[in-house]
Every structure is written in C-alpha cells, then in structure tokens.
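Visitor: The opening position of the sequence shown corresponds to residue 26 in the working numbering, with each subsequent residue numbered one higher.
Cβ atoms here follow ideal geometry from the backbone N, Cα and C, with glycine treated the same way.
Here the structure is a predicted model, which is why all the values come from computation and not from measurement.
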Amino acid sequence: MKRTHSLTIPNPGQYAQFDFERNWPDTDMQCKGLVFDVGIPVTVANAPVTPTAATLKALVAHLFSKFVLDYGEARAFHVYSDISGANLRNAYRELTGKDLPYTELGVAQDVNDHVQHIKVPVLFDVPRRDGKQNYPGATQMRTMVGEIYEDSSSALVTNMTRKLGTNLSIDVYPIFHPGPDVWVPILGIRKVEASQLVLIGHDGVTLNVWHEELSLATAIAADSTLSYHLDIGARRVYENLSPSMVDFARKMEKLDAAGEDINDDVTVIYQAPPKVALSKLPHGPFRFEQRENYWDRPLLRQLMIPVMTDEEHEMAARLGAKTHGKAVLASGRSTSAEDSPGAPATGGVQLWKSNEHTQFFSEPGIIGHTNGQTSVSVPAAVVTRAAAVGATAAAGEAATKTSLLQQAQKIALKRFPGAIRTDGNGQGKHRVAVRDAHSHLF
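1) What's the gap between the Cα of Leu-354 and the Cα of Leu-88?
2) Compare the beta carbon distance of Asn-112 and Glu-264 with 8 Å and say whether it is the shorter of the two.
3) Residue range of the alpha helix (DSSP H) that Tyr-117 falls in?
4) In terms of residue numbering, what span does the alpha helix (DSSP H) encompassing Ala-83 cover?
5) So what does DSSP say about Ala-41, is it helix, strand or coil?
6) For Met-185, count neighbouring Cβ atoms within 10 angstroms of its own Cβ and tell me buried if that reaches 16, exposed if not.
7) In chain order, what residues of the same chain lie with their CB nearer than 6 Å to the CB of Thr-168, ignoring the 5 residues before and after it?
8) What do you get for Gly-131, buried or exposed, if any count of 16 or more other CB atoms within 10 angstroms of its CB means buried?
9) What residue range does the alpha helix (DSSP H) around Arg-343 cover?
10) Pull up the CB-CB distance for Thr-243 and Tyr-295, whole angstroms please, since I reckon it's below 8 Å.
11) Tell me which residue opens and which closes the alpha helix (DSSP H) that Ala-246 is part of.
12) If you compare alpha carbons, which of Thr-29, Ile-257, Ala-41 is closest to Gly-229?
13) Taking 8 Å as the threshold (C-beta atoms), are Gln-315 and Tyr-253 in contact?
14) For Gln-39, which option in Pro-199, Ile-173, Thr-334, Pro-73 has the closest C-alpha, if you only look at C-alpha atoms?
15) CB Val-145 to CB Thr-29, shorter than 8 Å?
16) Tell me which same chain residues have a C-beta within less than 6 Å of the C-beta of Gly-213, skipping the five on either side of it?
17) Of all the options Asp-135, Thr-128, Leu-148, which has the alpha carbon lying nearest to the alpha carbon of His-142?
18) In the DSSP assignment, what are the bridge partners of Lys-144?
19) Could you check whether Pro-73 and Val-515 sit closer than 8 Å to each other, using their CB atoms as the reference points?
20) Identify the residues that DSSP records as bridge partners of Gln-134: which are they?
21) Candidates His-338, Met-340, Ile-391, Phe-385: which alpha carbon is nearest Ala-405's?
22) In angstroms, rounded to a whole number, what distance separates the CA positions of Leu-222 and Leu-255?
23) Can you give me the Cβ contacts of Pro-205 inside the same chain, cut-off strictly under 7 Å, excluding the 5 residues immediately before and after it?
24) Give me the DSSP bridge partner(s) of Ser-31.
25) For a quick check, are the C-beta atoms of Val-85 and Leu-125 less than 8 Å apart?
26) If you drop the 5 nearest sequence neighbours on each side, which residues of the same chain put their C-beta closer than 7 Å to that of Glu-46?
27) Looking at the structure shown, is Leu-222 part of a helix, part of a strand, or coil, going by DSSP?
28) Kindly indicate which three-state DSSP category Ser-379 falls into: helix, strand or coil?
29) Can the beta-carbon of Glu-218 be found less than 8 Å from the beta-carbon of Leu-344?
30) Measure the alpha-carbon distance for Ser-194 versus Glu-175 and round it to whole angstroms.
31) Mapping the DSSP letters down to three states, classify Glu-285 as helix, strand or coil.
32) Considering only residues of the same chain and omitting the five flanking positions on each side of Ser-464, which have a CB-CB separation below 6 Å?
33) Taking the beta strand (DSSP E) that Thr-292 belongs to, which residues open and close that run?
34) Can you give me the C-alpha to C-alpha distance between Gly-58 and Gly-309, rounded to a whole angstrom?
35) Note down, in chain order, each residue of its chain lying with its Cβ closer than 6 Å to the Cβ of Asp-44, except the 5 sequence neighbours on either side.
36) For Thr-80, I'd like the list of residues in its chain whose CB is within less than 6 Å of its CB, leaving aside the five on either flank, ordered along the chain.
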C-alpha cells in the first residue's frame, strides 16, 4: 500500500477527481480496493462535542454527498454511480462486520477548530468469503477514474460545522496485491428503484440487498402489512417473509457483529450466507416482489459482482495490447464454470502475453493487437471436434454443417459464458465456449 494521490476540496459543494492512468506502479500488481484517508476541518461552537456513531454517519454523508468510480475506455463501466457515503459505509459494515475507523470517536472536542480523521475503505475484495477471488490488474486500474463530491451544506451535527475556506484533505491508498495482469468485473453498488410491486436487479453474484433510508424499526412496525418474495436467478431465497424474520435469520447465521450491524440505518432485504465461495452463491438478477404495496417506491441498493460482457472482454484485450506493447490473449477465467453450471463469468479474463502470435491458438480467447484490432483464438482441437459433431449430425439432417457448428457454439455458451466470440459464418457474432480447450466442446 502506498499513497498515490493527495486531494483537497477547499469548500463545501466542490469535488475532487483522481485516476491511475500514469501512476499505477507495475504490470504485476493487482488492486484489492482503495482506502480514502480523510481529514475534515470543523468548527465546534457554543459547547463541546463528543463524537458518536451519529457523528461519524453525518461526517461520511457530508464527505461523500456523491461518489463515482468508473473504468474502461471513455469510463464505459460503472462500479459506483452517484452512490452516497451512507451506502459506502453500509457496504463496508456488511462486508467486514466493522464500522469505519474514526480517530476522534468518543474523544471530547472543545470549542475550537479541529480536524476529524476518518478512513473510508472501498473494497474490491470480499472478506470472510471462501474460494478464490480475482482483483483488477494494471491494465484495468490504469483506466479507473473516481470523483468525490462534498455536500454543499456546512452543517454536520449540533454545535459542529464544516470550517469554510480550509481544505478538506483526502489521501488515496490503493491496496496492492501481487498478481498477473487481469481484467475482472468489480464489486460495487447498483441502484434498483421504481414505483412498482416487482423490482428486477442487475445480473451477477449478489452479496447484499438493502432498502436505503428505511430503518429496521420502521420496517418492523409495518410487519403486519408487509411481506415479500425474493428470487435470485432461478432460486427462491425468501417466500412471504417480513423484515423482522429476515433480521432474525441474519442473527441466527451470525451475519451481524454486535454494535456494527447496518440495521440502525437501513433494512436489509438479503445477505449472502457467510463462508460460502462466490462460485456457490445464487447468481443472476434478483427479483423482489412485494406481497403488499407498503413501500410505494423501494430504494434498493445491490452490492454485487456483475457479469462480464462481450464488449468488456474485447476492450480488455485491446487495452492489454497497449499496456504490454505486444499482442495479448484475453483468456476466459470463470471461477464458477466448474462448480455451478450456467453461472455468469464473474471471474474475468487474464491477459496472456506472447512473442509468438501462433502460440495463442492453443488457448481460447480474444487476441488484442498493438494496432488496436482484435481477433479470435480458437484452438484447432475445438474446431475439429465441433466440425465432426456438425458433419455427423448433417448426415441425417437437412441442416448444413455450418449451421450445426453455430448451434454447437450457442449451446457451449450456456456452459461457460464469455470465453471467446467469433463472427460465425459472417452473420453476426456468437460466443464460443470451451471447458477443456484441447478435448471437449460443451
């Protein structure tokens, strides 16, 4: 870990921006998250203030009136899009069972000017979770851009205000992790809100869903009129459950640490079981169905790892070639392909470098070239086997061998999404999926 940025915000209502285009250290270094070490200048007036958890909540909400974190060419992919400090804190508490470090917590602040020191980690890692995890590598991190917007009001808590005309300081510390250059879908928060009984979340692996700005006490008070179903992908997780029963289930599974649970601020709709590998968790969009229309407009927040798209896969190959100054192979690495058939490709791709272009044709993937173009690497064994399947079937069917090969490719896609893609017979683009590049087509 080292400091890569020292940002300042002179007054409320302004913002600071950072990126890693020129200062990511090495191509063999990944990132497990970012830590923002913040100093907020305040004035204590009228009477001393002893900071509490409520003070921390107010300070974080003020600091991150809005947080944005994007990556990719033209900031194409969004990890956090207009996410509040309250939700950053919620995510950290749910992932770690701890609250944000606050140096002045419980320390009396006399009538004077002071600086409040808070550390705000934004994790790409999922702690307390079994199984292998993947973190963004150098090529991906060098496209990352973030923005921190301070709230326009100077009010914080009773007798404490933001000191005007004095810089709020933010030091940025990436959490480094040695590893090859990979490009992966990144853990983040998505908004899901609409004035309707059924809400559909984003596709991927969901770790938490909560209702923002609704305390558990308020939700429990309406238990008699509120229940809901929750499906994740094809799995029914909750059926006719009320907020109080979800909270009870969380306590039974020891998902909340004493004094650190986020239920004082929000109502938890779902939390993934602890110590279960990501590949074993339910995957797919969640479906939240209110049995009674108590919440007119649910403000759901989804902490999740999204699915990698074809477009992102191709971008990884293209930018990887620029990073390494040579052709690279973006080879699919789904952590869930073996354990959970049909699971989304949340494992990302590794950018394999080679001096010999022909070496790529023993592995499946998208090849990025230094001229900015991309092509597809299909192992000869896969092509031969697929052609044999097509020829055998075509002998007794009217379909052509080419169309049968395309059908085999589409079937394979369901087994290992995102592995590679080809243009078929010049008619659009299909992804080809392989489980074992040298012997099997599934």
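Guide: This is what the structure gives:
1) In a straight line, the C-alpha of Leu-354 is about 41 Å away from that of Leu-88.
2) Not a contact, by the Cβ cut-off of 8 Å.
3) In the DSSP assignment, Tyr-117 falls within the unbroken alpha helix (DSSP H) covering 110-121.
4) Start and end: 78-88.
5) It is a strand residue.
6) By the neighbour-count rule (16 or more Cβ atoms within 10 Å), Met-185 is buried.
7) Correct list, in chain order: Tyr-96, Gly-97.
8) So Gly-131 counts as exposed.
9) Per DSSP, Arg-343 belongs to the alpha helix (DSSP H) from 335-349.
10) Thr-243 to Tyr-295, Cβ: 18 Å. No contact.
11) From DSSP, the alpha helix (DSSP H) with Ala-246 extends over 241-246.
12) Checked all of Thr-29, Ile-257, Ala-41; the closest Cα to Gly-229 is Ile-257.
13) With contacts defined as CB atoms closer than 8 Å, Tyr-253 and Gln-315 qualify as a contacting pair.
14) Nearest C-alpha to Gln-39 among Pro-199, Ile-173, Thr-334, Pro-73: Ile-173.
15) No, they are not a contact pair.
16) Excluding residues within five positions, the ones whose Cβ falls inside 6 Å are Val-104, Tyr-105.
17) Closest by alpha carbon: Thr-128.
18) Its beta-bridge partners are Asp-62.
19) In this structure the chain extends from 26 to 467, so residue 515 is not present and cannot be described.
20) Gln-134 is bridged to Val-74.
21) The candidate whose alpha carbon is nearest that of Ala-405 is Phe-385.
22) C-alpha separation (whole angstroms): 12 Å.
23) Result list for Pro-205: Asp-53, Gly-162, Gln-375, in chain order.
24) Residue pairing for Ser-31: DSSP places it in a beta bridge opposite Asp-196.
25) Contact: yes.
26) Once the five neighbours on either side are set aside, the close Cβ partners of Glu-46 are Arg-167.
27) In the three-state reduction of the DSSP assignment, Leu-222 falls in the coil class, being assigned neither a helical nor a strand state.
28) Ser-379 falls in the coil class under three-state DSSP.
29) With contacts defined by Cβ atoms closer than 8 Å, Glu-218 and Leu-344 do not form a contacting pair.
30) Ser-194 and Glu-175: Cα-Cα distance of roughly 11 Å.
31) Residue placement at Glu-285 cannot be trusted, given a pLDDT of 45 that sits under 50; the coordinates are not used to answer.
32) The predicted position of Ser-464 is uncertain, since its pLDDT is 30 and thus under 50; no value can be drawn from it.
33) Its beta strand (DSSP E) spans residues 292-296.
34) Straight-line Cα distance between these residues: approximately 24 Å.
35) Within the same chain, and ignoring the five residues on either side of Asp-44 in sequence, the residues whose Cβ sits closer than 6 Å to its Cβ are Val-170.
36) For Thr-80, where only same-chain residues beyond five positions count, the Cβ hits under 6 Å are Val-182.
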